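Trainee: Take 47 as the starting number for the sequence shown in the working numbering and just add one per residue.
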Amino acid sequence: MTGVVSIVIDGTTREVAAGVTVAAALLDHGVMAFRRDLHDAPRAPLCGMGSCMECRVTIDGRAERRACLVVVVDGMRIETAG
């Protein structure tokens, strides 16, 4: 897949490459904290393959989605806790 799609990251519309994962799109746009741990420390992707669970975000209203396993689609809304 080639081209770009529009997604919304924490309320801001962004253009990203079509076919990339949500994690890649977030990192490409400078998002370094996807969620917070119990001590309010920022967390971000570690493994990139869905094992570590550090990249969990809310996608289209569904919480706890692993950003490294979901491919962006046009109009997708992503919320981080960074």
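All C-beta atoms, glycine included, are put in the ideal place defined by N, C-alpha and C.
No experiment lies behind these values; they were computed from the predicted model shown.
Could you tell me the alpha carbon to alpha carbon distance between THR104 and THR48, rounded to whole angstroms?
Mentor: Their backbone Cα atoms lie some 25 angstroms apart in a straight line.
Trainee: Identify every residue that forms a DSSP beta bridge with THR52.
Mentor: For the record, residue 52 in the displayed sequence is Ser; it is not Thr. DSSP, once it has assigned bridges, lists GLU61 as partnering SER52.
Trainee: Could you check where the alpha helix (DSSP H) with VAL77 kicks off and where it finishes?
Mentor: It is not in any alpha helix (DSSP H) - VAL77 carries neither H nor E in the DSSP assignment.
Trainee: Assuming the contact rule is C-beta atoms closer than 8 angstroms, VAL51 and VAL62 should be a hit. Round their C-beta distance to whole Å, please.
Mentor: A Cβ-Cβ distance of about 6 angstroms is found for the pair VAL51 and VAL62, placing them in contact under the 8 angstroms criterion.
Trainee: Can you check which of these residues, ALA90, GLY65, ARG108, ASP56, is closest to ALA79 by C-alpha distance?
Mentor: Residue ALA90 holds the alpha-carbon nearest to the alpha-carbon of ALA79 among ALA90, GLY65, ARG108, ASP56.
Trainee: Within this structure, are the beta carbons of ARG60 and ARG81 separated by less than 8 angstroms?
Mentor: no
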